[in-house]
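Colleague: For the sequence shown, the working numbering begins at 458 and goes up steadily by one.
Glycine included, each C-beta is placed from N, C-alpha and C at the ideal position.
What you are looking at is a predicted structure, and each value in this text was computed from that prediction instead of being measured.
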Amino acid sequence: MPHKGYSVMALLLYKNEYIEISREGGYFYIRSTTKGYSLESLSKLLQDSFPHVKITSFSAIRDAITRAPYGPVIFGQERERIVITVSSDELRAYMTLYVPDNELAPANRMTLVKEILEALNNAGVVYGIKTDILAGNLMSGTEYLIAEGTPAVNGTDSEIKLYEIETPKPKVYESGKVNHYELNLIHRVEKGDWLGERKDPTPGIPGKSVRGNLIHPIPGRLLPLLYDRTSVYEEYRDGVTYLYAKKTGAVYYKGDAIGVYDVLEIKGDIDYSTGNVDFDGYLSVKGTVEDNFSAVSSKDMEILGEYGVGSAAEIGSKDGSVYISGGIAGKGKTVLRCKKNLYVKYLSDLTVECEGNVYVGFYCINANIRAKQVIVEAPRGRIIGGMIDAEIRVSAAEIGNVAESRTVIRVRGFDRNKLRTELDEKTARLKNARQRLTELGQHIRVYSCSSDLSEEQRRNYEVLRNEYADLKDEIKDLEYDIKNLVDDLKTPGEGAVIARNRVYPKVRIEIKGMVEEITNEMLMPTFFFKDGAIKTK
458 MPHKGYSVMA
468 LLLYKNEYIE
478 ISREGGYFYI
488 RSTTKGYSLE
498 SLSKLLQDSF
508 PHVKITSFSA
518 IRDAITRAPY
528 GPVIFGQERE
538 RIVITVSSDE
548 LRAYMTLYVP
558 DNELAPANRM
568 TLVKEILEAL
578 NNAGVVYGIK
588 TDILAGNLMS
598 GTEYLIAEGT
608 PAVNGTDSEI
618 KLYEIETPKP
628 KVYESGKVNH
638 YELNLIHRVE
648 KGDWLGERKD
658 PTPGIPGKSV
668 RGNLIHPIPG
678 RLLPLLYDRT
688 SVYEEYRDGV
698 TYLYAKKTGA
708 VYYKGDAIGV
718 YDVLEIKGDI
728 DYSTGNVDFD
738 GYLSVKGTVE
748 DNFSAVSSKD
758 MEILGEYGVG
768 SAAEIGSKDG
778 SVYISGGIAG
788 KGKTVLRCKK
798 NLYVKYLSDL
808 TVECEGNVYV
818 GFYCINANIR
828 AKQVIVEAPR
838 GRIIGGMIDA
848 EIRVSAAEIG
858 NVAESRTVIR
868 VRGFDRNKLR
878 TELDEKTARL
888 KNARQRLTEL
898 GQHIRVYSCS
908 SDLSEEQRRN
918 YEVLRNEYAD
928 LKDEIKDLEY
938 DIKNLVDDLK
948 TPGEGAVIAR
958 NRVYPKVRIE
968 IKGMVEEITN
978 EMLMPTFFFK
988 DGAIKTK
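1. Using the three-state DSSP reduction, which class does P563 fall into: helix, strand or coil?
2. Just how far apart, CA to CA, sit S666 and L548?
3. Could you say which of R794, I531, V556 lies nearest to G777 if we only look at CA atoms?
4. Please confirm whether E654 and T599 have their CB atoms less than 8 Å apart.
5. What number of angstroms, rounded off, separates the C-alpha of Y475 from the C-alpha of S545?
6. Keeping to the same chain, check which residues put their C-beta closer than 8 Å to that of V689; ignore five residues upstream and five downstream.
7. DSSP beta-bridge partners for Y710?
8. Go ahead and pull the three-state DSSP assignment for L876.
9. Got a sec? Which residues, its chain only, sit under 8 Å from T568 by beta carbon, not counting five neighbours each side?
10. Using alpha carbons as the reference points, say which of Y710, E747, V779 lies closest to L740.
11. For the stretch 869–884 against the stretch 933–949, do three or more pairs of beta-carbon atoms, one drawn from each stretch, fall closer than 8 Å, so that the two count as touching?
12. Restricting to Cα atoms, I'd like to know which of G818, L910, T808, D695 is closest to R827.
13. Alpha carbon to alpha carbon, how far is R959 from D737?
14. The beta strand (DSSP E) with Y601 in it runs from where to where?
15. What are the start and end residues of each continuous beta strand (DSSP E) run of 3 or more residues lying completely inside the stretch 830–915, in chain order?
16. Quick check on the DSSP output: the beta strand (DSSP E) that includes T983 runs from which residue to which?
17. My output table needs one value for D657: the three-state DSSP class, helix, strand or coil.
18. Within 10 angstroms of its Cβ, does A579 collect 16 or more other Cβ (buried), or is it exposed?
19. Pick from K929, P982, I849: whose alpha carbon is nearest that of E951?
20. Check A752 in the structure and name its three-state DSSP category.
21. If the criterion is Cβ atoms closer than 8 Å, does the pair I672 and P681 meet it?
22. Hey, is the stretch 967–974 in contact with the stretch 856–873, meaning 3+ C-beta pairs nearer than 8 Å?
23. How far does the alpha helix (DSSP H) with A592 in it extend, from its first residue to its last?
24. When you compare the CB positions of Y816 and Y800, do they come within less than 8 Å of one another, or not?
25. Would you please state the rounded distance, in angstroms, between the beta carbons of G528 and F485? I believe it to be under 8 Å.
26. Would you call the stretch 839–855 and the stretch 887–901 in contact, with 3 or more CB pairs under 8 Å?
27. Which first and last residues belong to the beta strand (DSSP E) in which K618 is found?
28. Our contact map puts I522 next to S479 with C-beta atoms below 8 Å; I'd like the distance itself, whole angstroms only.
29. If you draw a straight line from the alpha carbon of N641 to that of I622, how long is it in whole angstroms?
30. Suppose you measure from the CA of A752 to the CA of G989; what does that come to, to the nearest Å?
31. Need the endpoints of the alpha helix (DSSP H) that K501 sits in, please.
32. Whose CA, out of T588, N565, I675, lies closest to the CA of D614?
33. Would you kindly check if the distance between the Cβ of L761 and the Cβ of K743 is under 8 Å?
34. Output yes or no for whether 8 Å exceeds the beta carbon distance between R922 and I901.
35. In this structure, does DSSP put L574 in helix, strand or coil?
36. Tell me the rounded alpha-carbon separation between M458 and A564.
Structure below.
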């Protein structure tokens, strides 16, 4: 039965012995006259000859084929011959053609190309049109990227380079008959030396959409350049802000802010010409500390004399580390104290009290040392005589000697579970501190990118910067503690004494109150505390 909207005025478009296809008022009708036409044949006919028809009722097509004679009924409606779509960012335009194959043939292409260009113009697509596609092989129902805009190139943030301070790591080596133990502990700069620089951000390059509209880039951010204005100054040249030292001193960081701390440099020895030295800052002695004189600093100290230190009265750093290039032969008089680590070529006949680790290049002879760890680093490094009192670990190639000098090694030991708990707590604190640091950094960047701050905003900015600097210092301390805790937990058992080559008789090993006297030479032993006893492997 004919569809209600169908009339005898419908335009017949196709007819064979099985079906008729006609159009009226923008709708397409199908009528079957005889059974025997397959759905596959009809599908191919519609694809090849009627690509501009949008199928709206597959059931109508099925019924016309399976219930012939049947219809006419609506099965589709006219769709646009050329469909142009533009992406939301207007950087790409796509084209889909719904035209018969004969119109896609190169010989008939001219009229179609004009129609495509008109459709692009109607869609507002005027830039980046790919004309090579119009000259190539085209297929109906296939989507083509017909136009492509030029994306904006966003600006780059300012680039910052600052003076690098490396973690102290001594080098132990032998050159001929000379043993060397080198370390750069104090990072000294002269007045006017380069400390850092910041390149200006770039504004970026504008782009253009397929509709011809300008696409504005996101300009790079001007990142803050943090420094101590009492010891560092800046100069601006050719798009770069340079930082220079206002004075001679030692480079340090508070948070991300670079500064130059006071450093006292003794070009010769500490002796009658200088008197005893107690300096609030970094101390660098190019020579030595003469017998009975003392050298104390609040920050790191280095004593660089080739022949080391003799029986000085006292050497110490209240808040830092100490590096002595040539070692100490204290003659039973010298006392050395430091808050952090001691780095020294050799130790002989002195007392050391160190809250951090003691790193010795080559040997300890008759030294009384109390520290967290005592490590003699050279492949033939030795501990002979004296009393070594460590919390975590003592390590040397040889402990004792063939003369069987009395040597006492005491390790106070630790609770592994407590250390793990402390590590977990500090790791959690570090994570929270880093998250807070990121938040503060974002707030600081907002303020630093504005050139017109109110008085209240400036005060808030300074508060944030101070909090940021304090938090950065806290993070640095936590990272230092976590690194040490991880290293401590690598120790066998709950305290260990490690002789990498051998241990000799008359050596007393004491770990967590348990004692073992060495009566025979042993090769490469490791003594450690586990299950209430000293074990050996």
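Modeller: Once the coordinates are examined:
1. Residue state, collapsed to three classes: helix.
2. Approximately 5 Å, taken between the alpha carbons.
3. Of R794, I531, V556, the residue nearest in Cα terms is R794.
4. The answer is no: Cβ separation not under 8 Å.
5. Going by the C-alpha atoms only, they are around 46 Å apart.
6. Hits under 8 Å: L652, L700, Y701, A702, K703, I715, G716, V717.
7. DSSP, once it has assigned bridges, lists I715 as partnering Y710.
8. Reduced to three states, the DSSP call for L876 is helix.
9. Excluding residues within five positions, the ones whose Cβ falls inside 8 Å are E560.
10. With distances taken between Cα atoms, L740 lies closest to V779.
11. The stretch 869–884 vs the stretch 933–949: in contact.
12. Nearest neighbour of R827 by Cα position, chosen from G818, L910, T808, D695, turns out to be T808.
13. The straight-line gap separating the alpha-carbon atoms of R959 and D737 is approximately 43 Å.
14. Taken as a continuous stretch (DSSP letters only), the beta strand (DSSP E) holding Y601 covers 600–605.
15. With a minimum length of 3 residues, the continuous beta strand (DSSP E) runs that stay inside the stretch 830–915 are 839–841, 844–856, 864–868.
16. Here the beta strand (DSSP E) through T983 covers 983–987.
17. D657 falls in the coil class under three-state DSSP.
18. The identity of residue 579 in the sequence shown is Asn, whereas the question assumes Ala. Burial call: exposed.
19. Among K929, P982, I849, the Cα nearest to that of E951 is on I849.
20. Note: A752 maps to strand in three-state DSSP.
21. Not closer than 8 Å, so no.
22. Cβ pair count under 8 Å is three or more, so yes.
23. That run of the alpha helix (DSSP H) goes 588–592.
24. Yes, they are a contact pair.
25. Actually they do not touch by this definition, with Cβ atoms about 11 Å apart.
26. No, because fewer than three Cβ pairs between the stretch 839–855 and the stretch 887–901 fall closer than 8 Å, the two stretches do not touch.
27. Its beta strand (DSSP E) spans residues 616–619.
28. About 17 Å separates the beta carbon of I522 from that of S479, a gap too long to meet the 8 Å contact definition.
29. Take the alpha-carbon of N641 and the one of I622: they are about 10 Å apart.
30. Between A752 and G989, the C-alpha separation is close to 43 Å.
31. Here the alpha helix (DSSP H) through K501 covers 496–506.
32. Nearest to D614 by C-alpha distance, out of T588, N565, I675, is I675.
33. In this structure, L761 lies closer than 8 Å to K743 by Cβ.
34. Yes; because the gap between Cβ atoms is below 8 Å, this pair is in contact.
35. L574 sits in a helix when the DSSP states are folded into three classes.
36. At M458 the pLDDT is 44, less than 50, meaning the model places this residue with poor confidence; the figure from the coordinates comes in the next sentence. Straight-line measurement puts the Cα of A564 at about 43 Å from the Cα of M458.
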